[in-house]
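Its first residue numbered 1, the sequence shown is counted upward by one per residue in full-length UniProt numbering. By construction, the Cβ of each residue, glycine as well, lies at the ideal position given by its N, Cα and C atoms. This structure is a prediction, so every number in the text was calculated from the model and none was measured. Down below is the structure, laid out as structure tokens.
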Amino acid sequence: MPGGADYRRVMETRELRYFIAVAEELHFGRAARRLGMAQPPLSRAIGRLERRLGATLLQRTSRSVALTEAGAVLLREGRAALEAIEAAERRTRRVALAATGHARVVLVTKAGASSELLAELLDAHAAEPGAATVDVLLCGIGEQGRLLRDGRADVALLHRPYDVMAGLDTEDLRTEGQVLVLPAGHPLTSRPHVRLAEATELPGLPGPRWPGPDGRYPDGPGPEVHDQAQLFQLIALGRTSAVLPDSCRSQLHGDLAAVPVLDAPAVTTVIAWPPHSRSAAVAGLVRTATRL
């Protein structure tokens, strides 16, 4: 049957998982152990995939395995495809749960960020009739977008201009200035304000290094920082300083001080969600957020 022939030309998710394991390990034995299978059937499966695609995906010798150009394309596209499938599975399960009267929304935010706004949002939403339960997922710097896209979160609090919002629907919630957070007793804490150039070039207090989208830290003299709690501890120890949204003042203790930065860009907190979301629970949370 023509339909049967077409079906045989379609890659299965199982084959993609096999190929990605080999492409990441560049070793059939390690990939087989990772997948919990024997090596011969894994090798045969990759061979069938190459024949079906009409492309050599891996260059094999007795000593090494290397990706071809076609293999690199399939690795990149295959990862994206599997992530999309896994995201669809997670969202479908949550929708099915909502249909039973147990609607839940997963909201992701950076640990320690927008804590006052988050508390206001959760309290206001809980007071709404029939409101869905909101599970809060705390993450590291720059991870919210990935967690939204892979389906582990339904909605996120992001901060413009620092977070990437491409491909997401957003609503602005609050805009604020920024302050320089310093160890208490630093000479600048007696000033009514500072300029951004001063705040970013403090002798003895190199700026913190945040991870990039790939999870790697840029080179530099400042300490590597994972989240805001760790950052505050490092500032109190005199290892670094940081320019942060003004709302961080509510989390500062006696060993930290904040000085307004006059010419720092304003920071806008936004609520974001995937554009294809049709969740009534997500829509309800967004409506509550925009009313705050």
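Closest by C-alpha distance to residue i, when choosing among the options
i, options, result
"Gly-204", "Gly-254, Arg-239, Arg-191 and Asp-227", "Arg-239"
"Val-287", "Thr-170, Arg-91 and Leu-188", "The residue you asked about is not Val; residue 287 is Arg in the sequence shown. When only C-alpha atoms are compared, the closest one is Thr-170."
"Ala-84", "Arg-34, Pro-129, Arg-152 and Ala-66", "Arg-152"
"Ala-266", "Glu-176, Leu-292, Arg-30 and Gly-212", "Glu-176"
"Val-106", "Glu-120, Arg-91 and Glu-116", "Arg-91"
"Arg-209", "Val-225, Leu-202 and Leu-196", "Val-225"
"Gly-142", "Arg-291, Asp-123, Ser-277 and Arg-216", "Arg-216"
"Glu-86", "Pro-129, Arg-149 and Glu-25", "Arg-149"
"Arg-79", "Leu-256, Arg-14 and Thr-61", "Arg-14"
"Leu-196", "Arg-93, Glu-120 and Val-259", "Val-259"
"Val-282", "Ala-127, Leu-35 and Ala-156", "Ala-156"
"Ile-235", "Gly-220, Asp-219, Leu-252 and Asp-246", "Leu-252"
"Gly-140", "Arg-160, Ala-113, Asp-263 and Pro-129", "Ala-113"
"Ala-88", "Gly-185, Ala-132, His-276 and Glu-198", "His-276"
"Leu-237", "Arg-76, Ser-64 and Gly-185", "Gly-185"
Status (buried if at least 16 other CB within 10 Å, exposed otherwise) for residue i
i, result
"Pro-40", "exposed"
"Gly-54", "exposed"
"Leu-158", "buried"
"Ser-190", "exposed"
"Val-73", "exposed"
"Thr-269", "buried"
"Gly-3", "With a pLDDT of 47 at Gly-3, under the threshold of 50, the modelled position of this residue cannot be trusted; read the value that follows with caution. Label assigned to Gly-3: exposed."
"Ser-62", "exposed"
"Leu-26", "exposed"
"Arg-94", "buried"
"Asp-219", "exposed"
Check whether residue i and residue j have beta carbons under 8 angstroms apart
i, j, result
"Asp-172", "Trp-273", "no"
"residue 349", "Lys-110", "The question about residue 349 has no answer, for the chain in this structure spans 1 to 292."
"Leu-182", "Val-261", "no"
"Gly-145", "Leu-118", "no"
"Gly-207", "Ala-242", "yes"
"Leu-49", "Phe-19", "yes"
"Ala-23", "Gly-71", "yes"
"Ala-38", "Ala-31", "no"
"Val-134", "Leu-147", "no"
"Leu-16", "Ala-81", "yes"
"Ala-289", "Ile-271", "yes"
"Gly-284", "Glu-128", "yes"
"Leu-244", "Gln-178", "yes"
(request) Would you list, in sequence order, the uninterrupted beta strand (DSSP E) runs of no fewer than 3 residues that lie entirely inside the region 173 to 227? (result) Within the region 173 to 227, the complete beta strand (DSSP E) runs of at least 3 residues are 178 to 183.
(request) For the region 93 to 146, list the alpha helix (DSSP H) runs that are entirely contained and at least 4 residues long, ordered along the chain. (result) Counting only runs of 4 or more, we get 115 to 126.
(message) Report the start-end ranges of each alpha helix (DSSP H) in the region 9 to 64 that is 4 residues or longer and not cut off at the edges.
(response) The region 9 to 64 contains, as complete alpha helix (DSSP H) runs of 4+ residues, the segments 13 to 25, 28 to 35 and 39 to 53 (chain order).
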